[in-house]
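In our numbering, the protein residues as written are 31 to 111. Report on the following structure.
Here it is as structure tokens:
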């Protein structure tokens with residue numbers, strides 16, 4: 031491989047897996063932060079934080095599911111052997 035050249039498939043894989051990682055982690059962090067803010071305001075620690083974290087995880091995995099399904103839907107079928 032020449033210097034300064036990147037394999038397009040490698041870049042595509044990094045983009046795909048990076049998107050998955052940030053989708054899951056970001057959703058959980060946002061859910062936890064929102065729940066923690068509600069807990070602080072209402073004095074109900076840790077119930078909203080835990081609920082927000084779990085809802086964020088659910089939303090993150092749902093986003094990953096949609097991403098993976100759209101990725102495989104757009105890909106041509108592999109030839110059978």
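We treat Cβ as the ideally placed atom computed from N, Cα and C, and that holds for glycine.
Evaluate residue i with the Cβ neighbour count: other Cβ atoms within 10 Å of its Cβ, from every protein chain shown; 16 or more gives buried, anything less gives exposed.
i: residue 52; result: exposed
i: residue 86; result: buried
i: residue 61; result: buried
i: residue 90; result: buried
i: residue 44; result: exposed
i: residue 79; result: buried
In this structure, how does DSSP classify residue i when only helix, strand and coil are distinguished?
i: residue 108; result: coil
i: residue 36; result: coil
i: residue 74; result: coil
With residue i and residue j assumed to form a contact (beta carbons below 8 Å), what rounded beta-carbon distance in angstroms separates them?
i: residue 64; j: residue 82; result: 5 Å
i: residue 36; j: residue 101; result: About 20 Å separates the two Cβ atoms, so there is no contact after all.
Are at least three pairs of beta-carbons, each pair with one atom in the region 56-64 and one in the region 83-103, less than 8 Å apart? yes
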